[in-house]
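Engineer:
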Amino acid sequence: MLSDHLARAALAADRWRCGLRAKFCMVGEQPWHYLEGGVGKRETIVLLHGFGADKDNWTRFAGRLRANYHVIAVDLPGFGENPCRQGLDYSMAAQAERLRGLLSALGVGRCHMAGSSMGGHLTAVYAQRYPQQLRSICLFNNGGIQAPERCDMERDLEKGVNPLLVSSESDFDRLLALVCEKQPFLPRLVRNYMARAAMARRECIAAIFRQYQQEIYGGLDAVLPALSLPALVIWGRQDRVLDVSSVEVMRPMLAHASVTIMEQTGHLPMLERPAASAKCYQQFLSSLA
Numbered sequence: 000m001l002s003d004h005l006a007r008a009a010l011a012a013d014r015w016r017c018g019l020r021a022k023f024c025m026v027g028e029q030p031w032h033y034l035e036g037g038v039g040k041r042e043t044i045v046l047l048h049g050f051g052a053d054k055d056n057w058t059r060f061a062g063r064l065r066a067n068y069h070v071i072a073v074d075l076p077g078f079g080e081n082p083c084r085q086g087l088d089y090s091m092a093a094q095a096e097r098l099r100g101l102l103s104a105l106g107v108g109r110c111h112m113a114g115s116s117m118g119g120h121l122t123a124v125y126a127q128r129y130p131q132q133l134r135s136i137c138l139f140n141n142g143g144i145q146a147p148e149r150c151d152m153e154r155d156l157e158k159g160v161n162p163l164l165v166s167s168e169s170d171f172d173r174l175l176a177l178v179c180e181k182q183p184f185l186p187r188l189v190r191n192y193m194a195r196a197a198m199a200r201r202e203c204i205a206a207i208f209r210q211y212q213q214e215i216y217g218g219l220d221a222v223l224p225a226l227s228l229p230a231l232v233i234w235g236r237q238d239r240v241l242d243v244s245s246v247e248v249m250r251p252m253l254a255h256a257s258v259t260i261m262e263q264t265g266h267l268p269m270l271e272r273p274a275a276s277a278k279c280y281q282q283f284l285s286s287l288a
């Protein structure tokens, strides 16, 4: 389809402008698609996307880091360009083990890790399981916490509606409106391409979500207090997917954490406000030196 070809070209152009290259490798039977930039820099940052998202959520954020850091933004198993396999274990523990295999295969030593939403949940689990492999963690609107205040998505789920599942292009538009307070510019052909990709994966993504529901709330209660790594928490004040009140639950659990609440920002700060998010993150990393 010509429109799909043009959409892929537009995504590739955005990556190129940000100094990132699309790469692929196999680790055992698991395929991995990822973006890479800043090759040769001394320290590595690994970026993990959220549920139903992909590596391109980080493109404009990562482009602002590559001058000083080696940056890798991955498609997690089951998402992005990787196959979504019915019946596979997509728990945080299983995903952490797969991710460890990828980083080992790529020769990545101790690194910084940042994750958005589900990816933030996974970052914390990874830090608990393999603390010796990380220098620091950054959690963007992470899952795994039961917030005191209810949000729009929680109300939808209680009604039996999962807004993360896409059945039409209009569903995808509603999803963007839910996750972003200020939507980034996306050409219509790119939006429609992304919508069709989400529609094609709907059933498998729904199955993964049913697994993840068991870990969405309360999954980090025993994890965060055990972490001793430097940590940065970034949250959008207007998050309608995971309420900002989650931060107040997390503060006493993270002994070495800095917290930034971004105003006029929703669930995806690195996508909605890449420059401001990258500046905040680089200040945090500089403070570690």
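Under numbering that gives the first Met the number 0, the first residue of the sequence shown carries the number 0, and numbering increases by one thereafter.
In this text, a Cβ means the ideal position worked out from N, Cα and C, and glycines have one as well.
For residue 22, which beta-bridge partners are listed by DSSP?
Structural biologist: Sequence index remark: in the sequence shown, residue 22 carries index 23 (1-based). Answer is 33, bridged to residue 22.
Engineer: Taking the beta strand (DSSP E) that residue 69 belongs to, which residues open and close that run?
Structural biologist: In the sequence shown, the residue the question calls residue 69 occupies position 70. Note, residue 69: beta strand (DSSP E), 69–73.
Engineer: So what's residue 0 in DSSP terms, helix, strand or just coil?
Structural biologist: In the sequence shown, counting from the first residue as 1, residue 0 sits at position 1. Residue 0: coil per DSSP, three-state reduction.
Engineer: I need the DSSP call for residue 58, collapsed to helix, strand or coil.
Structural biologist: Position 59 of the sequence shown, counted from the first residue, corresponds to residue 58. Residue state, collapsed to three classes: helix.
Engineer: Where does residue 180 land, buried or exposed, given buried means 16+ other C-beta within 10 angstroms?
Structural biologist: The residue given as residue 180 occupies position 181 in the sequence shown. Result: buried.
Engineer: Quick one: what's got a C-beta closer than 6 Å to residue 70's C-beta in the same chain, skipping five residues either side?
Structural biologist: The residue given as residue 70 occupies position 71 in the sequence shown. Cβ within range, chain order: 36, 37, 44, 61 and 64.
Engineer: How many Å lie between residue 234 and residue 212 at the Cα?
Structural biologist: As a working note, residue 234 is residue 235 in the sequence shown. As a working note, residue 212 is residue 213 in the sequence shown. Cα to Cα, residue 234 sits roughly 21 Å from residue 212.
Engineer: Are the beta-carbon atoms belonging to residue 164 and residue 201 less than 7 Å from one another?
Structural biologist: Along the sequence shown, one-based indexing puts residue 164 at 165. Along the sequence shown, one-based indexing puts residue 201 at 202. Yes.
Engineer: Mapping DSSP to helix, strand and coil, what is residue 184?
Structural biologist: Working through the sequence shown from its first residue, we reach residue 184 at position 185. DSSP places residue 184 in coil when its eight states are reduced to three.
Engineer: Going by the CB atoms, is the gap between residue 76 and residue 97 shorter than 7 Å?
Structural biologist: Locating residue 97 in the sequence shown gives position 98, counting from the first residue. Locating residue 76 in the sequence shown gives position 77, counting from the first residue. Their beta carbons are under 7 Å apart, which means residue 97 touches residue 76 by this criterion.
Engineer: If you check the beta carbons only, do residue 52 and residue 34 fall under 7 Å apart?
Structural biologist: Working through the sequence shown from its first residue, we reach residue 52 at position 53. Working through the sequence shown from its first residue, we reach residue 34 at position 35. Against a cut-off of 7 Å, the Cβ pair of residue 34 and residue 52 comes out as no contact.
Engineer: What residues match up with residue 261 in a beta bridge as DSSP calls it?
Structural biologist: In the sequence shown, residue 261 corresponds to position 262, counting from 1. Its beta-bridge partners are 235.
Engineer: Tell me the rounded alpha-carbon separation between residue 198 and residue 287.
Structural biologist: Within the sequence shown, the letter at position 199 stands for residue 198. Within the sequence shown, the letter at position 288 stands for residue 287. Rounded to the nearest angstrom, the two C-alpha atoms are 42 Å apart.
Engineer: When you compare the segment 190–197 with the segment 222–238, are there three or more beta-carbon pairs, one atom per stretch, that lie closer than 8 Å?
Structural biologist: No, the segment 190–197 does not touch the segment 222–238.
Engineer: Who are the Cβ neighbours of residue 141 in its own chain at under 6 Å, not counting the five residues just before and after it?
Structural biologist: Numbered from 1 along the sequence shown, position 142 holds the residue referred to as residue 141. The residues are 119 and 120.
Engineer: Quick one, are the C-beta atoms of residue 246 and residue 6 less than 7 Å apart?
Structural biologist: Translated into positions along the sequence shown, residue 246 becomes position 247. Translated into positions along the sequence shown, residue 6 becomes position 7. Not a contact, by the Cβ cut-off of 7 Å.
Engineer: Between 112, 281, 255 and 117, which lies nearest to residue 225 when the distance is taken from Cα to Cα?
Structural biologist: Position 226 of the sequence shown holds residue 225. Ranking 112, 281, 255 and 117 by Cα distance to residue 225 puts 255 first.
Engineer: CA-CA distance, residue 150 and residue 137?
Structural biologist: For the purposes of this step, residue 150 is identified with residue 151 of the sequence shown, where counting begins at 1. For the purposes of this step, residue 137 is identified with residue 138 of the sequence shown, where counting begins at 1. C-alpha separation (whole angstroms): 23 Å.
Engineer: Using a Cβ-Cβ cut-off of 6 Å (strictly less than) and excluding sequence neighbours within five positions of residue 31, which residues of its own chain qualify?
Structural biologist: Mapped onto the sequence shown, residue 31 falls at position 32. Once the five neighbours on either side are set aside, the close Cβ partners of residue 31 are 24 and 101.
Engineer: Excluding the 5 residues preceding and the 5 following residue 125 in the sequence, name in chain order all residues of the same chain whose CB lies nearer than 6 Å to its CB.
Structural biologist: Against the sequence shown, residue 125 aligns to sequence position 126. Correct list, in chain order: 95.
Engineer: What residue range does the alpha helix (DSSP H) around residue 249 cover?
Structural biologist: The residue labelled residue 249 in the question sits at position 250 within the sequence shown. 245–249 is the extent of the alpha helix (DSSP H) around residue 249.
Engineer: Using DSSP with H/G/I as helix, E/B as strand and the rest coil, what is residue 221?
Structural biologist: Mapped onto the sequence shown, residue 221 falls at position 222. Coil at residue 221, not helix or strand.
Engineer: Just the C-alpha distance for residue 89 and residue 49, rounded to the nearest angstrom, thanks.
Structural biologist: As a working mapping, residue 89 is identified with position 90 in the sequence shown. As a working mapping, residue 49 is identified with position 50 in the sequence shown. Their Cα atoms are separated by approximately 13 Å.
Engineer: Write down every uninterrupted run of the alpha helix (DSSP H) in the segment 126–193 whose length is 4 residues or greater and which is fully enclosed by it, in chain order.
Structural biologist: Complete alpha helix (DSSP H) runs here, min 4: 151–157 and 168–178.
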